[in-house]
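Residue numbers (my numbering): 204 to 558. Glycine residues also receive a C-beta, built at the ideal position from the N, C-alpha and C atoms. Reading through the structure tokens given below for one structure.
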Ligand code: HEC
Ligand code: HEC
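Next up, the structure:
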């Protein structure tokens, strides 16, 4: 990298760390304290085959969560590496325990160009290492991003740019004390895929699913019901199912009834959604929120307001891209219009109260 590039990165680090301070404090423990350092280049993480440059190593298997995270319209590819002979401990429904040596990658492309590849590596029994790799303009090499992230790596709309998050900010979504994968879960890998998932993509041949995990004996205990009765968000109405699926992927990493914000905003627990999604949806409708919706009467703001849909706090904060009010608070610079449309229609359909 030339001197000017180095300076630009250093400036970016300062900017990112100053404006995201409040979010970083969400992470009780920053990853990396005693976790091994991430390698300096993406190549060294083992994503690609040693003998065939640019080709994914065959021990790294592609997967696709049914409800993707919105990242300013990035096209994404994801892979997992499980050490040979090891299994995933699926005893706890909401939090699987991965074998040491597990690696996951997520590649982000904008306008057909690779921009960053994120990396999670369970390097020791207690610690995950998190990192992101920045691609060069020719897409020939990706190097470790600085700890503070990189601001404005690519323009995603006129005057709007995508940022690579700081390593501490990975923990804001991927867990406080212990990081965890978010798209490699029973619900996300279920073969009962939601045909209405917002920005959902079809499974491609060779992708790991809950069914292939069970068939290959990679879960412990075996859990054959994952294949015979694949989990789904239990709602009577398909529209509600897709709305809850979107909220799970985009909000539940923080709004899951635990941690510092347990009492704030929607409470979206995967296990509740699988048991009775309708009850979760019902709890959002007319639920008071301490966040004051601009223009709403003092103390009368609610998460979902069928009587006045546009004043629903969830919608207002999803629509905003002001740092102080936008939701999610990081990882996105453009609002998700398709999701806003689906959510608005759903809220309108609740005019008679959630049935
Ligand atoms: C705004 C919340 C958020 C932030 C910030 C975030 N992630 Fe994620 N990440 C997610 C969600 C949700 C998924 C699963 C859905 C998807 O992949 O579309 C995911 C998926 C991933 C995956 C694929 C494996 C998995 O968990 O399913 C990797 C690897 C990953 N993230 C790494 C990182 C790294 C490294 C950082 C920090 C540089 C980071 N993420 C920051 C929310 C976040
Ligand atoms: C990275 C973590 C994170 C993610 C992801 C996230 N939020 Fe939040 N949310 C917060 C924090 C922290 C607060 C409390 C501070 C504030 O209000 O800004 C909050 C507050 C809220 C509030 C106000 C709650 C109250 O009663 O004060 C609403 C509504 C909300 N979020 C909605 C959402 C929605 C909808 C999504 C998904 C589209 C989402 N959030 C995703 C961290 C997150």
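Taking C-beta separations shorter than 6 angstroms and ignoring five residues to either side along the sequence, the partners of residue 545 in its chain run 401, following chain order. Of the residues assessed, residue 407 falls on the exposed side of the cut-off, its CB having fewer than 16 other CB atoms within 10 angstroms. DSSP places residue 244 within a strand segment (E or B) once states are collapsed to three. Cβ neighbours of residue 446 within its own chain (closer than 7 angstroms, five residues either side excluded): 545, 546 and 549.
In the three-state reduction of the DSSP assignment, residue 397 falls in the coil class. Taking 6 angstroms as the cut-off, one finds no heavy atom of ligand 1 near enough to the beta carbon of residue 304. Ligand 1 approaches residue 387 closely enough that one of its heavy atoms is under 6 angstroms from the residue's Cβ. Counted as a single uninterrupted DSSP element, the beta strand (DSSP E) harbouring residue 283 occupies residues 278 to 284. Contact annotation: residue 499 and residue 506 have beta-carbon atoms that are not nearer than 7 angstroms. By DSSP's assignment, residue 357 forms a beta bridge with 365. The alpha carbon of residue 405 has as its nearest neighbour, out of 254, 249 and 265, the alpha carbon of 265.
Separation of residue 394 and residue 410 (C-alpha to C-alpha, rounded to the nearest whole angstrom) is 11 angstroms. Burial check for residue 492: the Cβ neighbour count within 10 Å reaches 16 or more, so the residue is buried. Between ligand 2 and the CB of residue 509, the shortest heavy atom gap is not smaller than 6 angstroms.
Between ligand 1 and the CB of residue 455, the shortest heavy atom gap is not smaller than 6 angstroms. The count of Cβ pairs closer than 8 angstroms, one atom from the segment 326 to 343 and one from the segment 352 to 371, reaches three, so the stretches are in contact. Per the C-alpha coordinates, the member of 392, 295 and 247 positioned closest to residue 430 is 392. Here the segment 310 to 330 lies against the segment 268 to 280, with 3 or more beta-carbon pairs under 8 angstroms apart.
Non-local beta-carbon contacts of residue 535 in its own chain, meaning distances under 7 angstroms to residues more than five positions away in sequence, involve 273, 274 and 275 in chain order. The closest CA to that of residue 421, considering only 318, 282, 531 and 292, is found on 292.
Remark: the shortest separation between the CB of residue 452 and any heavy atom of ligand 1 falls under 6 angstroms. Within the same chain, and ignoring the five residues on either side of residue 442 in sequence, the residues whose Cβ sits closer than 8 angstroms to its Cβ are 399, 545, 548, 549 and 552.
Distances from the CA of residue 364 to each of 322, 542, 319 and 537 were compared; the closest alpha carbon is that of 537.
Secondary structure note for residue 522: its alpha helix (DSSP H) is the uninterrupted segment 516 to 522.
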